[in-house]
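Count along the sequence shown from 1, then add 8; that gives the number in this note's numbering.
Before any comments, here is the structure.
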Amino acid sequence: MEKKILSVLFFLGLVLTAFSQTEDFVCKEFSNLVAQEQHAHQALLNFRSSPFTDNYDIRYQRLEWDVDPNVYYIKGRITTYFAPTKENFEQLNFDLSNALQVNSIEYHGNALEGHIQVDNRLAIPLPQVIPLGQLDSITVDYEGAPPPTGFGSFIKSSHGGQPIIWTLSEPYGALDWWPCKQDLNDKIGSVDIYVRTPAQYRVASNGVLVREYSDGDDKVYHWQHNYPIPAYLVAIAVTNYAYYSDFVPVDGGEPIEVLNYVFPENLSGWQNATGATVEVMQLYNELFGLYPFADEKYGHAQFGWGGGMEHQTMSFMGGYSHSLQAHELAHQWFGDKVTCGSWGDIWLNEGFATYLEGMTYEHNLGPNTWQAWLQGKINDITSQPNGSVYVSDTTSVNRIFNGRLSYSKGAILLHMLRWKLGDEDFFQGIRNYLEDPNLAFGYARTADLQRHLEQQSGQSLTEFLDDWYYGEGYPSYRFNWWQEGTTVYATLDQVTSHSSVDFFEMPVPINFRGAGGNETTIVFDHTENGQFYQFELPFEAGLVRIDPEYWLLSRGNFVTNNEITSVYSPLFEQVKLFPNPVREQLRLQLPQGLLPAQCLTFNANGQLVQQFYLRSETEEVEASQLSAGQYFLQLQTKEGTMTTTFLKE
Ligand SMILES: [Zn+2]
Numbered sequence: 009m010e011k012k013i014l015s016v017l018f019f020l021g022l023v024l025t026a027f028s029q030t031e032d033f034v035c036k037e038f039s040n041l042v043a044q045e046q047h048a049h050q051a052l053l054n055f056r057s058s059p060f061t062d063n064y065d066i067r068y069q070r071l072e073w074d075v076d077p078n079v080y081y082i083k084g085r086i087t088t089y090f091a092p093t094k095e096n097f098e099q100l101n102f103d104l105s106n107a108l109q110v111n112s113i114e115y116h117g118n119a120l121e122g123h124i125q126v127d128n129r130l131a132i133p134l135p136q137v138i139p140l141g142q143l144d145s146i147t148v149d150y151e152g153a154p155p156p157t158g159f160g161s162f163i164k165s166s167h168g169g170q171p172i173i174w175t176l177s178e179p180y181g182a183l184d185w186w187p188c189k190q191d192l193n194d195k196i197g198s199v200d201i202y203v204r205t206p207a208q209y210r211v212a213s214n215g216v217l218v219r220e221y222s223d224g225d226d227k228v229y230h231w232q233h234n235y236p237i238p239a240y241l242v243a244i245a246v247t248n249y250a251y252y253s254d255f256v257p258v259d260g261g262e263p264i265e266v267l268n269y270v271f272p273e274n275l276s277g278w279q280n281a282t283g284a285t286v287e288v289m290q291l292y293n294e295l296f297g298l299y300p301f302a303d304e305k306y307g308h309a310q311f312g313w314g315g316g317m318e319h320q321t322m323s324f325m326g327g328y329s330h331s332l333q334a335h336e337l338a339h340q341w342f343g344d345k346v347t348c349g350s351w352g353d354i355w356l357n358e359g360f361a362t363y364l365e366g367m368t369y370e371h372n373l374g375p376n377t378w379q380a381w382l383q384g385k386i387n388d389i390t391s392q393p394n395g396s397v398y399v400s401d402t403t404s405v406n407r408i409f410n411g412r413l414s415y416s417k418g419a420i421l422l423h424m425l426r427w428k429l430g431d432e433d434f435f436q437g438i439r440n441y442l443e444d445p446n447l448a449f450g451y452a453r454t455a456d457l458q459r460h461l462e463q464q465s466g467q468s469l470t471e472f473l474d475d476w477y478y479g480e481g482y483p484s485y486r487f488n489w490w491q492e493g494t495t496v497y498a499t500l501d502q503v504t505s506h507s508s509v510d511f512f513e514m515p516v517p518i519n520f521r522g523a524g525g526n527e528t529t530i531v532f533d534h535t536e537n538g539q540f541y542q543f544e545l546p547f548e549a550g551l552v553r554i555d556p557e558y559w560l561l562s563r564g565n566f567v568t569n570n571e572i573t574s575v576y577s578p579l580f581e582q583v584k585l586f587p588n589p590v591r592e593q594l595r596l597q598l599p600q601g602l603l604p605a606q607c608l609t610f611n612a613n614g615q616l617v618q619q620f621y622l623r624s625e626t627e628e629v630e631a632s633q634l635s636a637g638q639y640f641l642q643l644q645t646k647e648g649t650m651t652t653t654f655l656k657e
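And the structure:
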């Protein structure tokens with residue numbers, strides 16, 4: 009999923025629309041709403057940890073729905089094929105909102121009485137015990153107006169004067185609109201989806217549209233999906249869709265269809281944009297193995313939500329930006345083929361989808377866009393000193409889908425794993441993870457990914473994950489060096505932004521540039537503070553940069569050069585530059601003891617773009633003419649040379 013707005017704002021927006029009279033009222037309503045949300049999720053947590061639905065395997069479901077996008081209502085008939093996985097199976101349980109009314113339950117051709125609906129659970133006592141492993145089936149007939157929870161779950165809206173109903177169940181919303189098994193350990197083996205709707209509308213859903221047929225004034229759309237699917241990825245969207253297909257060529261195989269259901273008023277815009285998905289799918293096929301549902305389809309269905317949702321084989325899309333297309337497509341491998349085994353492991357969905365989005369910049373859109381993308385993510389993550397990728401509170405939808413942590417930091421964590429392990433082991437380890445028969449078309453936890461990457465690389469990742477997955481914050485590096493002839497002496501230190509990690513053990517790349525265009529990058533294995541290095545450099549270094557290609561999550565790094573005392577001057581600690589990132593003027597503050605100083609600004613490629621003298625303790629430097637990107641500011645003083653970085657927006 010990728011959302012353009014925080015869900016807090018989303019809820020606030022709803023409340024503002026509904027109660028725009030007074031601010032007081034809005035605040036009260038908002039806090040009530042948050043309290044209700046938290047209460048609802050607390051109830052769900054209690055329920056999830058109970059063994060309510062974990063005693064049977066769900067093999068197949070036939071989902072029959074009546075939906076008219078003009079009416080906020082659903083009528084359904086759900087037939088479930090299941091087999092007990094525990095002894096003494098005498099009651100079948102589903103997750104189902106209390107707001108939906110169960111009309112009848114059919115079992116072996118007879119109506120079954122005595123079901124109980126409480127706490128958003130439906131319990132159906134069976135007439136006899138069903139033996140372990142025996143396949144059986146049951147049909148639940150129900151109807152009602154689904155209560156919208158989470159990101160909406162069941163939404164009626166409009167576009168171009170036309171009504172639309174769509175669903176978005178992630179994470180806890182499937183039970184709002186159908187009786188299901190809403191856990192993260194048992195996928196439905198396969199599904200048939202039949203939706204009846206007035207004849208002027210079309211229905212988008214999972215898998216292949218095997219048939220559409222008229223029935224009076226209605227049409228029925230029959231979609232079929234023959235892969236395991238969790239309840240939260242089952243979805244329908246109903247409106248007056250126009251549609252067209254793109255095709256992705258496959259070496260030595262059938263092309264893969266990309267079926268687009270879009271609003272007729274936006275058709276040409278979409279037709280011009282979705283070629284990106286063809287290119288991106290070719291890249292993912294190459295890096296991560298063939299698109300997992302190649303014999304069915306991939307698709308987009310436009311909807312009115314501000315973002316996208318990776319419904320299996322048919323992503324629902326609020327727009328067609330390159331990054332949204334790349335992100336939702338990536339989820340078909342990471343999220344759909346292999347699904348996070350708990351909401352605490354959400355980064356296995358969102359960190360990967362975000363990183364793959366970035367990799368389309370690396371491969372398809374050029375190195376400058378890739379560097380800018382990495383820099384943007386690092387800047388976002390380090391805008392606050394804390395926060396882990398690991399989700400400790402899965403009752404909070406806002407925390408699960410926190411963009412800075414589950415998405416951006418999850419993505420940069422993968423990028424650092426790639427840096428640490430090298431491309432070959434990183435990509436092979438990921439492919440092994442995707443193809444593991446215990447994980448493929450099933451669920452995975454963080455430990456499963458760790459195991460595959462460790463087996464492939466032979467490296468332990470326990471320390472790495474303690475620091476970057478469970479731990480919070482980032483390091484700020486300080487590199488001090490001096491050169492005598494061709495020998496360079498250096499020390500590397502770090503301070504961490506959060507007390508949960510006292511030291512980030514990492515290979516740290518440092519780039520050395522000489523006046524004659526000589527350049528080399530040396531990787532320092534940083535294992536402790538005060539670490540001393542001595543190495544040969546066949547040219548005289550001028551500009552020294554820490555991690556100029558953005559392999560690491562770090563911020564506020566600086567480099568000092570001091571041949572006289574062989575240690576950095578404490579005066580350097582008092583140098584301040586702000587705002588950072590900067591738009592127009594950069595303000596520099598230097599202690600008196602470093603003045604006068606010569607100041608050199610280098611761009612990310614190491615080219616000199618500005619040179620001037622600083623004579624007073626506070627100086628304003630014009631930055632408005634610089635193009636966006638990272639810059640290295642070098643101060644040459646009588647105490648030695650210091651280099652630090654700033655970002656131009
Ligand atoms: Zn996503």
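Quick reminder that beta carbons are idealized off the backbone N, C-alpha and C, glycines included.
Burial state of residue i (16 or more Cβ within 10 Å)
| i | result |
| --- | --- |
| Ser-416 | buried |
| Lys-431 | The sequence shown places Asp at residue 431, not Lys. The residue in question, Asp-431, is exposed, as its Cβ has fewer than 16 Cβ neighbours within 10 Å. |
| Ile-196 | buried |
| Ser-58 | Note that Ser-58 has pLDDT 41, beneath the 50 cutoff, so the model's placement of it is unreliable and the number below is only indicative. Exposed. |
| Leu-413 | buried |
| Tyr-621 | exposed |
| Phe-409 | buried |
| Gln-633 | exposed |
| Asp-103 | buried |
| Phe-654 | buried |
| Arg-486 | buried |
| Glu-121 | exposed |
| Gln-190 | buried |
| Gly-84 | buried |
| Thr-609 | buried |
| Pro-154 | buried |
| Ala-523 | exposed |
| Glu-220 | exposed |
| His-47 | Unreliable placement is indicated for His-47, whose pLDDT of 39 sits below 50; no coordinate value is reported for it. |
| Arg-623 | exposed |
| Tyr-639 | buried |
Residue span of the alpha helix (DSSP H) that contains residue i, given as start and end
| i | result |
| --- | --- |
| Gln-333 | 330-339 |
| Asn-111 | No alpha helix (DSSP H) contains Asn-111, which is instead part of the beta strand (DSSP E) from 109-115. |
| Ser-465 | 454-465 |
| Phe-435 | 431-443 |
| Asn-406 | 405-408 |
Bridge partners - residue i, DSSP secondary structure assignment
| i | result |
| --- | --- |
| Trp-476 | Its beta-bridge partners do not exist; DSSP assigns none. |
| His-506 | Note: His-506 sits in no beta bridge, so no partner. |
| Leu-551 | Arg-521 |
| Ala-182 | None; Ala-182 has no bridge partner. |
| Pro-515 | Asp-533 |
| Gly-169 | For Gly-169, which the question treats as bridged, DSSP gives no partner whatsoever. |
| Val-266 | Asp-254 and Tyr-306 |
| Leu-176 | Ser-161 |
| Met-650 | Thr-568 and Leu-643 |
| Ile-231 | Looking at the sequence shown, residue 231 is not Ile but Trp. In DSSP, Trp-231 forms a bridge with Ile-201 and Leu-217. |
| Glu-121 | DSSP output for Glu-121 lists no bridge partner at all. |
Unbroken beta strand (DSSP E) run spanning residue i, endpoints
| i | result |
| --- | --- |
| Asn-488 | 483-492 |
| Phe-255 | 250-258 |
| Asn-387 | Asn-387 -> not in any beta strand (DSSP E); alpha helix (DSSP H) instead, spanning 375-389. |
| Gln-642 | 637-645 |
| Glu-71 | For clarity, residue 71 is Leu in the given sequence; the question names Glu instead. It spans 64-74 - the beta strand (DSSP E) in which Leu-71 sits, taken as one unbroken run. |
| Glu-657 | Element bounds for Glu-657: n/a, residue is neither H nor E. |
| Phe-658 | Residue 658 cannot be examined here, being either before or after the span of the chain that is shown, 9 to 657. |
| Lys-83 | 82-92 |
| Leu-100 | 97-103 |
Open item on the list: So within the segment 273-361, which uninterrupted beta strand (DSSP E) runs reach at least 3 residues, ignoring any that extend past its ends?
Closed with: Within the segment 273-361, the complete beta strand (DSSP E) runs of at least 3 residues are 306-310, 315-317, 323-325 and 346-348.
Task: beta strand (DSSP E) runs contained entirely in the segment 554-631, provided each spans 3 or more residues - done: Within the segment 554-631, the runs of beta strand (DSSP E) at least 3 residues long that lie entirely inside it are, in chain order, 566-569, 584-586, 593-597, 605-611, 616-622 and 626-630.
Task: Exercise answer, beta-carbon shell around ligand 1 heavy atoms below 5 Å - done: Going by the Cβ distance cut-off, the answer is Met-9, Glu-10, Glu-358 and Ala-361.
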